[in-house]
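Here is the structure we will look at, set down as structure tokens.
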């Protein structure tokens, strides 16, 4: 971490209250005192497990995209595979990445590398989203959708990623961040 | 939009219920029927106004970063200026971008350009985050923090953006997405 970003003088918080518990996150409020101020006000946090997504590249230099319905926007979105890290332990994000890739696409890959992580949205979420690069991806398994998943696979030459972000085809912030980690890894 | 991503066969939803109303979002649930399935289950959406952020570049080719406490992660984070689009109307994101830049940093700029937008997180949020490029930024005004804001300004050569994403100094997904739109605009 740079610029002297010490994690001192954090804003004190107390009276944690779980307001709602959904399958994706808990909505929690605290009474927070901005540092050096003498008042408190309620702040809200969405407590969530980590997320993970996968930049999967085939031997033909295609990237594996998926198309699925997203309830937040009430639209179909074009993304990369990924999901919630349900596993525990140090390797959990990688194990989860491999599982999500198989479940959502039936693809596996021999070579995996962590590209980095971004915070889900540190204003309101308490979690991180990990991005893995999977090289040599190919279709080896059957898909295994959750009861409320219905995913279509789209293979695209990887050289088109920049164009697809620029023209808004891929607009999910977590996926744009993930692809940005990939582009930084590849191009610079 | 590419790949035949028609917005047909959206999953029907009914019985909208506001479960909580916070200053940043409403937590809402619907009964949703996955397309072609004969069951419903509750899905959750965080209804929020649009967000906006600003890639502000000075005449010395520095980018304007800010450091502030973020309740979600309970940490100080290094970001670019931005906030919630409180204004109404077609120009609202731009008006809001200019207002946030002044309030948070005291900087203004003569030249503005929309770099693009990303969806906040279409799995759970219903909103978009707009990114503006502000060129020729300079300190002309006093800051005007909200009662629970305390923001430190950091000027960094813009050529260091990639390094700061790669080493995790800037990790907020909305900011990484915004800077990715900027890098795509500048480099490609």
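Protein chains in written order, with my numbering: chain F, 1 to 188; chain R, 189 to 376. Glycine residues also receive a C-beta, built at the ideal position from the N, C-alpha and C atoms.
Please identify the residue among R:345, R:370, R:371 and R:337 whose C-alpha is closest to the C-alpha of residue 32 (chain F).
By 1-based counting over the first chain, the position of residue 32 (chain F) is 32. If we check each option's Cα against that of residue 32 (chain F), R:337 comes out closest.
is_contact[residue 189 (chain R), chain F] using C-beta, thresh 8 Å:
In the second chain, counting from the first residue as 1, residue 189 (chain R) sits at position 1. With a pLDDT of 48 at residue 189 (chain R), under the threshold of 50, the modelled position of that residue is not reliable, and no figure is offered here.
Closer than 8 Å to chain R by CB, residue 15 (chain F)
Translated into positions along the first chain, residue 15 (chain F) becomes position 15. Chain R, which has no Cβ nearer than 8 Å to the Cβ of residue 15 (chain F), makes this no.
Give the secondary structure of residue 281 (chain R) by DSSP, where H, G and I count as helix, E and B as strand, and everything else as coil.
Within the second chain, the letter at position 93 stands for residue 281 (chain R). In this structure, residue 281 (chain R) counts as helix in the three-state DSSP scheme.
Among R:277, R:256, R:263 and R:278, which one has its Cα closest to the Cα of residue 271 (chain R)?
Residue mapping note: residue 271 (chain R) aligns to position 83 of the second chain, counting from 1. Checking every option, the nearest Cα to that of residue 271 (chain R) belongs to R:256.
Residues near residue 370 (chain R) in its chain [Cβ-Cβ closer than 8 Å; skip 5 each side]:
Residue mapping note: residue 370 (chain R) aligns to position 182 of the second chain, counting from 1. Excluding sequence neighbours, residue 370 (chain R) sits near 243, 303, 319, 321 and 349.
Counting only C-beta atoms, is residue 251 (chain R) closer than 8 Å to chain F at any point?
As a position in the second chain, residue 251 (chain R) is number 63, starting the count at 1. Chain F contact via Cβ: absent.
In whole angstroms, what separates the C-alpha of residue 103 (chain F) from that of residue 34 (chain F)?
Here residue 103 (chain F) refers to the residue found at position 103 of the first chain. Here residue 34 (chain F) refers to the residue found at position 34 of the first chain. Between residue 103 (chain F) and residue 34 (chain F), the C-alpha separation is close to 44 Å.
So which residues on chain R does residue 97 (chain F) lean against when the C-beta distance must stay under 9 Å?
Mapped onto the first chain, residue 97 (chain F) falls at position 97. Result: empty, since nearest Cβ-Cβ is about 17 Å, beyond 9 Å.
For residue 233 (chain R), count neighbouring C-beta atoms within 10 Å of its own C-beta (all shown protein chains included) and say buried if the count is 16 or more, exposed if not.
As a working mapping, residue 233 (chain R) is identified with position 45 in the second chain. It is buried - the Cβ of residue 233 (chain R) has at least 16 other Cβ atoms within 10 Å.
With the cut-off set at 8 Å, would you say residue 49 (chain F) and residue 86 (chain F) are in Cβ contact?
For this step, residue 49 (chain F) is matched to residue 49 along the first chain. For this step, residue 86 (chain F) is matched to residue 86 along the first chain. A contact, by the Cβ cut-off of 8 Å.
Range covered by the beta strand (DSSP E) that runs through residue 327 (chain R)
As a first step, residue 327 (chain R) must be located in the second chain, where it is residue number 139. Where residue 327 (chain R) is concerned, the enclosing beta strand (DSSP E) stretches over 316 to 327.
What does DSSP give as the partner residue(s) for residue 102 (chain F) in the beta ladder?
Reading the first chain from its first residue, position 102 is the one you call residue 102 (chain F). Answer is none; residue 102 (chain F) lacks a bridge partner.
Please name the residue in R:198, R:357 and R:285 whose C-alpha comes closest to that of residue 305 (chain R).
By 1-based counting over the second chain, the position of residue 305 (chain R) is 117. The shortest C-alpha separation from residue 305 (chain R) is found at R:285.
Any chance you could list the beta strand (DSSP E) runs of at least 3 consecutive residues sitting entirely within the region 207 to 241 of chain R, in chain order?
214 to 220 and 229 to 235
8 Å Cβ cutoff met for residue 122 (chain F) and residue 261 (chain R)
Here residue 122 (chain F) is taken as the residue at index 122 of the first chain, counted from 1. Here residue 261 (chain R) is taken as the residue at index 73 of the second chain, counted from 1. Yes, the Cβ-Cβ distance between residue 122 (chain F) and residue 261 (chain R) is below 8 Å.
Which class does residue 189 (chain R) belong to by DSSP, given the choice of helix, strand or coil?
Within the second chain, the letter at position 1 stands for residue 189 (chain R). Unreliable positioning characterises residue 189 (chain R) in this predicted model, as indicated by a pLDDT of 48, which lies under 50. The coordinate reading is nonetheless provided below. Residue 189 (chain R): coil per DSSP, three-state reduction.
Residues of chain R with a CB under 9 Å from the CB of residue 26 (chain F): which are they?
Residue 26 (chain F) sits at position 26 when you count from the first residue of the first chain. What residue 26 (chain F) touches in chain R: nothing, since even the nearest Cβ is about 11 Å away.
For residue 78 (chain F), collect the residues of the same chain with a Cβ closer than 6 Å to its Cβ; drop the 5 residues on either side in sequence, then sort them by chain order.
Your numbering for residue 78 (chain F) matches position 78 in the first chain. Cβ within range, chain order: 65, 67, 169 and 170.
Residue 345 (chain R) - partner residues in DSSP beta bridges
Counted from its first residue, the second chain places residue 345 (chain R) at position 157. According to DSSP, which records beta bridges pairwise, residue 345 (chain R) is partnered with R:250.
List, in order along the chain, the chain F residues whose C-beta lies closer than 7 Å to that of residue 361 (chain R)?
Against the second chain, residue 361 (chain R) aligns to sequence position 173. Those within 7 Å of residue 361 (chain R) in chain F are 118, 119, 120, 121, 129, 173, 174 and 177.
Out of curiosity, what's the CA-to-CA distance linking residue 330 (chain R) and residue 16 (chain F)?
Within the second chain, residue 330 (chain R) is the residue found at index 142, counting from 1. Within the first chain, residue 16 (chain F) is the residue found at index 16, counting from 1. Distance between the alpha carbons of residue 330 (chain R) and residue 16 (chain F): 35 Å.
N- and C-terminal bounds of the alpha helix (DSSP H) containing residue 372 (chain R)
Reading the second chain from its first residue, position 184 is the one you call residue 372 (chain R). Where residue 372 (chain R) is concerned, the enclosing alpha helix (DSSP H) stretches over 361 to 375.
I'd like the list of long-range same chain contacts for residue 145 (chain F), defined as Cβ closer than 8 Å, with 5 residues on each side in sequence excluded.
The sequence position of residue 145 (chain F) within the first chain is 145, counting from 1. Cβ neighbours of residue 145 (chain F) beyond the five flanking positions: 103, 104 and 151.
Taking Cβ-Cβ distances shorter than 9 Å, what residues in chain F pair up with residue 295 (chain R)?
Walking along the second chain from the start, residue 295 (chain R) turns up at place 107. By Cβ distance, chain F contributes nothing, its closest Cβ being about 18 Å from residue 295 (chain R), past 9 Å.
Less than 7 Å between C-beta atoms, sequence neighbours within five positions excluded: which residues of the same chain meet that for residue 139 (chain F)?
The sequence position of residue 139 (chain F) within the first chain is 139, counting from 1. 106 and 107.
From the DSSP output, read off the bridge partner residues of residue 112 (chain F).
As a working note, residue 112 (chain F) is residue 112 in the first chain. Per DSSP, F:134.
State yes or no: is the C-beta of residue 129 (chain F) within less than 8 Å of the C-beta of residue 365 (chain R)?
Locating residue 129 (chain F) in the first chain gives position 129, counting from the first residue. Locating residue 365 (chain R) in the second chain gives position 177, counting from the first residue. It is not a contact, given that the beta carbons lie outside the stated cut-off.
What does DSSP give as the partner residues of residue 333 (chain R) in its beta bridges?
Stepping through the second chain from its first residue, residue 333 (chain R) is reached at position 145. According to DSSP, which records beta bridges pairwise, residue 333 (chain R) is partnered with nothing at all.
For residue 75 (chain F), the residue or residues it bridges with in DSSP
For this step, residue 75 (chain F) is matched to residue 75 along the first chain. For residue 75 (chain F), which the question treats as bridged, DSSP gives the partners F:70.
Span separating the alpha-carbon of residue 62 (chain F) from that of residue 226 (chain R):
The residue you call residue 62 (chain F) lines up with position 62 of the first chain. The residue you call residue 226 (chain R) lines up with position 38 of the second chain. Approximately 36 Å, taken between the alpha carbons.
Residue nearest to residue 297 (chain R) in terms of C-alpha spacing, selected from R:228, R:368, R:325 and R:342
To locate residue 297 (chain R), count along the second chain from 1; it is residue 109. When only C-alpha atoms are compared, the closest one is R:325.
List the DSSP bridge partners of residue 271 (chain R).
As a working mapping, residue 271 (chain R) is identified with position 83 in the second chain. Paired residue(s): R:240.
Determine the direct distance from the alpha carbon of residue 159 (chain F) to that of residue 59 (chain F), and round the result to whole angstroms.
On the first chain, residue 59 (chain F) is found 59 positions in, with the first residue counted as 1. On the first chain, residue 159 (chain F) is found 159 positions in, with the first residue counted as 1. Near 14 Å, if we compare the C-alpha coordinates of residue 159 (chain F) and residue 59 (chain F).
Label residue 10 (chain F) either buried or exposed according to how many other C-beta atoms from any shown protein chain fall within 10 Å of its C-beta, with 16 as the threshold for buried.
Here the question's residue 10 (chain F) lines up with position 10 in the first chain. With fewer than 16 other Cβ atoms within 10 Å, it is exposed.
Which word fits residue 124 (chain F), buried or exposed, when buried means at least 16 other C-beta atoms lie within 10 angstroms of its C-beta?
Here residue 124 (chain F) refers to the residue found at position 124 when the first chain is read from its first residue. Per the 10 Å Cβ criterion, buried.
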